[in-house]
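One structure below.
Chains as they are written, first to last, in the numbering used here: chain A, 245 to 618; chain B, 62 to 348; chain C, 11 to 298.
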């Protein structure tokens, strides 16, 4: 048998497989009846909200990424959007990190699967503005100037304060140093690796502030965890809903909206925010410059920043997160007062890390974290 | 000689025909050894599986029993994400395609190399074992541009098979190489060719059937690999079974469904492999 | 002779007339092309990018970063974990394989253990890590093993869970290949069991054993999902650090660092494989 026969056979097999595997999900053609929404910087510039809604409905799909359903009530937000506009949402990689969102934008650029919108941490947002499209939502003026990029390349959306969630079997925690006592043996965990995950880095920073440090230095926080480790109280186990329920990780550092009993799944879960260490962190929205569904992407942003009773801002509030327009909504009365009352009360001004402070903290952790708790 | 008479008989049969004494003692010692080994290893493998099964039957509160996790396999659906069942379906299809392509790619090539292109044998072994040295997590980074191209033609998760075949290469190659080295390929092929067979016939109808056990072995390994693969699917943003289980575990408080799905997947694969082992039974007495 | 000439030239007596004589190696082209596109090309991209800066210019000095104490720590961690789990897995797997092989080839136990091995060889990730956590973690169902949290002991136990079945799958064919006749022949010549293993069985099985250990080593090296689900607050091993380099949200992500770490892993395995090749060449002489 000649090798050419085999080559033909192999080629035929490959072709058959390719054809068999081919699904009919083609990319959506941009029906350009009028405006090209990919370049519009606001709804009014593109012809008004109705035009935006119409075009988005024509596109029919929205690609989102890294939106876990139980994170800040995203499940309800996704359903509400689809129910209101009839636009199908493809939610990819629910447990992805901010960096992976940006990577997806880069690798899937030009395909129909690329993410339309991103919800990312500030560090990643600041580093990747070249991938975003500027857009100003209708409620632009209600967003504090410090929490948005002047042209709308990124806009903060919701946030919370770093807290310690714990099982009520430990009583009540009144200070972070309580965690050093023997009854917390093998119990205290962060939510991830601080050199990788935003929430974990802020957890260490919060400990740093509580131990007398400042936002410019995370060293006190690393020392605190070193003390925890020495006392045998630090648990290196990756905390998930299952480990919390099984009792393997009964104390977890995480954002307050991720330490809700409903999110954690344990009814006797309590939350503690040290009053001398109120560390706040907000995430940011961005629109992919080359979004496959530009109108749907912009409509999604309008929905998220809408102050309606069932709009994004109030839905986030119901998820225990603080919406960025909270101050404005409280003065104009559109806020869901019941949900707002349920937020953990804090007395004092929250600290927010600046970009340089966050980078310095990250660099310090890169060199010292493993040594301290490894 | 005594050795000749026992060719073709199992060791048990051979020694049974011997008088009592050293061989019976040895047989007994061997049996004790075997039972101890099977018990110890059996426990080691069984306990975590039992723990998983126990947790799959866990109710809302610790200590209660409930079958909801098992029912959820069919009905589980996160917001906006495809249901769990579809990721199971995709993974099973992927496993089949990967198995087929791996075999079609490897078996003829290995036989051909063994017969006609021996100088490539070392290189082929090296290439087949190479995927082991490249961690999947960075193979993915290098695959970015390639998958970008593939995704322009086809967005289905089934396209993962291209890289899964590469992942399966080392394991399949080892299994097939062991089988190939155990048979006398040269003699068989020469005999077949002298009777007028084409090379295709030689490979498919003469040599491959003699490698049945090895081929089955390779299938086993490939199948298990695809069912358990996580890293590449996760980083290429596809939704296969393991990725789905991972995100359920991270985002659902009562994640019993991940245990029921894993237990079900293991049971299914186990039963399948058990059935396959009957299909690959080698007839005794053949050279 | 005539037979040799037939295999040499491939010329056939009767069939299908004249054909252009294509060299035999062309038959391996599908395989080579496939591997080139989906393995060699991505590897090339990774290796080249490891020696570049993020902006695309060459930075050969990057390779010295592999000597950085922090980076060395990851490689030492990986090496420890892989060595432990592969050696323990290989030895235990070989014992189990021997127990399975010495029974009835068509028997139920062999089928059971083979099917189990096939299933468990690739079992890992979040479910395996969690199963062990509930068994011997703090709220352990069985008992609480305080050493379970320390690296590398805890994770080694978890790794052996899939290393042993893999070894069984890889080593069993080799044991099957040791013919019963050889054992009986050696007995007839008066050898004891120990002498049989020392002079006949051992050397026969050594190449396969070493090959299996190497396979286990490489398998442990790339494993990621299991340790990520077990303890991910610190990077103990290289794949965890590669994941951080690829997906860090706090600004520490760098594809070039990830590529560099991968290059380091490739070098590490290359060294191990060279050692294996040397050992195998030595052991292969026994088979001649």
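Where a beta carbon is used, it is the ideal one built from N, C-alpha and C, also for glycine.
Exposed unless 16 or more other CB atoms sit within 10 angstroms - verdict on residue i
i                      : result
residue 12 of chain C  : Bear in mind that a pLDDT of 41 at residue 12 of chain C, under 50, signals an unreliable position, so the model cannot answer this.
residue 152 of chain C : exposed
residue 135 of chain B : exposed
residue 97 of chain B  : exposed
residue 425 of chain A : exposed
residue 427 of chain A : exposed
residue 303 of chain B : buried
residue 512 of chain A : exposed
residue 537 of chain A : buried
residue 288 of chain C : exposed
residue 532 of chain A : buried
residue 180 of chain B : exposed
residue 256 of chain B : exposed
residue 398 of chain A : buried
residue 363 of chain A : buried
residue 235 of chain B : buried
residue 489 of chain A : buried
residue 175 of chain B : buried
residue 591 of chain A : exposed
residue 175 of chain C : buried
residue 15 of chain C  : Note that residue 15 of chain C scores 41 on pLDDT, short of 50, meaning its location in the model is unreliable and no value can be drawn from it.
residue 293 of chain A : exposed
residue 273 of chain A : For residue 273 of chain A, the predicted structure reports a pLDDT of 42, less than 50, and the residue's modelled location is therefore unreliable. The matter cannot be settled from this model.
Boundaries of the alpha helix (DSSP H) in which residue i is found, first to last residue
i                      : result
residue 560 of chain A : 556-562
residue 60 of chain C  : 51-60
residue 467 of chain A : 463-474
residue 106 of chain C : 79-111
residue 289 of chain B : 273-289
residue 350 of chain A : 342-351
residue 255 of chain B : 246-255
residue 201 of chain C : Taken as a continuous stretch (DSSP letters only), residue 201 of chain C belongs to no alpha helix (DSSP H), as it is neither H nor E.
residue 489 of chain A : 485-490
residue 121 of chain C : 118-130
Residue range of the beta strand (DSSP E) that includes residue i
i                      : result
residue 408 of chain A : 399-411
residue 364 of chain A : 361-364
residue 615 of chain A : From DSSP, residue 615 of chain A is part of no beta strand (DSSP E) but of the alpha helix (DSSP H) over 599-617.
residue 499 of chain A : 495-499
residue 515 of chain A : 513-516
residue 531 of chain A : 523-532
Rounded Cβ spacing between residue i and residue j (contact assumed at less than 8 Å)
i                      : j                      : result
residue 60 of chain C  : residue 273 of chain C : 4 Å
residue 204 of chain B : residue 52 of chain C  : 5 Å
residue 129 of chain C : residue 120 of chain C : The pair is not a contact, with the Cβ atoms about 15 Å apart (cut-off 8 Å).
residue 284 of chain A : residue 542 of chain A : 7 Å
residue 226 of chain A : residue 481 of chain A : Since the displayed chain A opens at 245 and closes at 618, residue 226 of chain A lies outside it and no answer follows.
residue 303 of chain A : residue 539 of chain A : 6 Å
residue 177 of chain C : residue 222 of chain C : 5 Å
8 Å Cβ cutoff, residue i in contact with chain E
i                      : result
residue 363 of chain A : As a matter of chain content, chain E is missing from the structure shown, whose protein chains are A, B and C.
Heavy atom of the ligand FMN within 7 Å of residue i beta-carbon
i                      : result
residue 326 of chain A : Because no ligand of any kind appears in the structure shown, any question about the ligand FMN cannot be addressed here.
- Message: Using 8 Å as the cut-off, can you tell me whether the region 114-121 of chain C makes contact with the region 191-210 of chain C, which would need three or more C-beta pairs spanning the two stretches below that distance?
- Response: Contact fails: fewer than three Cβ-Cβ distances are below 8 Å.
- Message: Contact between the region 220-240 of chain B and the region 44-59 of chain C is defined here as three or more beta-carbon pairs at a separation below 8 Å; is this criterion met?
- Response: yes
- Query: Quick one: any contact between the region 439-453 of chain A and the region 396-410 of chain A, if contact means 3 or more CB pairs under 8 Å?
  - Reply: yes
- Counting Cβ pairs closer than 8 Å, one from the region 427-446 of chain A and one from the region 239-248 of chain C, do we hit at least three? The region 427-446 of chain A and the region 239-248 of chain C touch, with no fewer than 3 CB-CB distances between them shorter than 8 Å.
- Does the pairing of the region 373-393 of chain A with the region 415-434 of chain A give three or more beta-carbon distances under 8 Å? No: the two stretches stay apart, fewer than three of their Cβ pairs being nearer than 8 Å.
- Query: Does the region 202-217 of chain B come close enough to the region 352-366 of chain A that 3 or more CB-CB pairs lie under 8 Å?
  - Reply: yes
- Message: My parser needs the alpha helix (DSSP H) runs of 4 or more residues fully inside the region 170-232 of chain B; what are they?
- Response: 182-194, 197-214
- Message: Contact between the region 181-188 of chain B and the region 273-287 of chain B is defined here as three or more beta-carbon pairs at a separation below 8 Å; is this criterion met?
- Response: no
- Message: Going residue by residue through the region 272-336 of chain A, where are the continuous beta strand (DSSP E) segments of at least 3 residues, counting only ones entirely within it?
- Response: 305-309, 332-336
- Message: With three or more C-beta pairs closer than 8 Å as the rule, is the region 578-590 of chain A touching the region 550-568 of chain A?
- Response: yes
- Query: Are three or more beta carbon pairs between the region 164-180 of chain C and the region 260-274 of chain B nearer than 8 Å?
  - Reply: Contact fails: fewer than three Cβ-Cβ distances are below 8 Å.
- Task: For the region 123-165 of chain B, list the alpha helix (DSSP H) runs that are entirely contained and at least 4 residues long, ordered along the chain.
- Result: Within the region 123-165 of chain B, the runs of alpha helix (DSSP H) at least 4 residues long that lie entirely inside it are, in chain order, 129-136.
- Cβ contact check for the region 386-402 of chain A and the region 502-509 of chain A: 3 or more pairs under 8 Å: no
- Task: Determine, using beta-carbon pairs with one atom in the region 79-98 of chain C and one in the region 214-233 of chain C, whether at least three such pairs fall under 8 Å.
- Result: Flag = yes, the region 79-98 of chain C and the region 214-233 of chain C touch.
- Message: For the region 251-258 of chain C against the region 333-352 of chain A, do three or more pairs of beta-carbon atoms, one drawn from each stretch, fall closer than 8 Å, so that the two count as touching?
- Response: Judged by Cβ distances under 8 Å, the region 251-258 of chain C makes contact with the region 333-352 of chain A, as three or more pairs qualify.
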